[in-house]
Amino acid sequence: MLEQMFALRARGATVGTEVLAGATTFIVVGYLMCGIIREIPFSDFEEGFPALATIVAMPLTYSITNGIGTGMLLYAFIKIVRGKAHELSPTLCIVALAFLVYFIEPWLVQVLAF
26 MLEQMFALRA RGATVGTEVL AGATTFIVVG YLMCGIIREI PFSDFEEGFP
76 ALATIVAMPL TYSITNGIGT GMLLYAFIKI VRGKAHELSP TLCIVALAFL
126 VYFIEPWLVQ VLAF
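According to the working numbering, the stretch in the sequence shown is residues 26 to 139, in order.
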């Protein structure tokens, strides 16, 4: 079925070779991403904690979007609480607000019964 849908035989491929190629790609990309973790300043709470939250939230929620949103919201929240809101760019503030709406929207729909 998949071989016909994606015309794999015409390209000289099989479902197995496509799965193997995809898995290999994901492993290599994951390896490259892990190498960048060394450069995160975990000793700086304002930078390290949001980064850690992003790293942890992605696999726990099965969503890259949720992970990035968690990190951006925490970063903005920590900066605001520490009195450093002036360090936040307008774009980051807009994106953080959009993620806040994204996260509270399901709750709002239930509470307000839309």
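Positions of the beta carbon are idealized from the N, C-alpha and C atoms, including for glycine.
Would DSSP call residue i helix, strand or coil?
i: Ile65; result: coil
i: Leu113; result: coil
So residue i and residue j are supposed to be a Cβ contact under 8 Å. How far apart are they, rounded?
i: Leu92; j: Pro75; result: The residue you asked about is not Leu; residue 92 is Gly in the sequence shown. Actually they are not in contact, since the Cβ atoms of Gly92 and Pro75 sit about 11 Å apart, beyond 8 Å.
i: Phe67; j: Gly60; result: Phe67 to Gly60, Cβ: 15 Å. No contact.
i: Leu113; j: Ala101; result: 6 Å
Which first and last residues belong to the alpha helix (DSSP H) in which residue i is found?
i: Met83; result: Phe70 to Thr86
i: Gly94; result: Ile89 to Val106
i: Met26; result: Careful: Met26 lies outside any alpha helix (DSSP H) and carries neither H nor E.
Can you check which of these residues, the options, is closest to residue i by C-alpha distance?
i: Val40; options: Val53, Phe51 and Met26; result: Met26
i: Pro84; options: Glu43, Leu117, Gly55 and Ala38; result: Gly55
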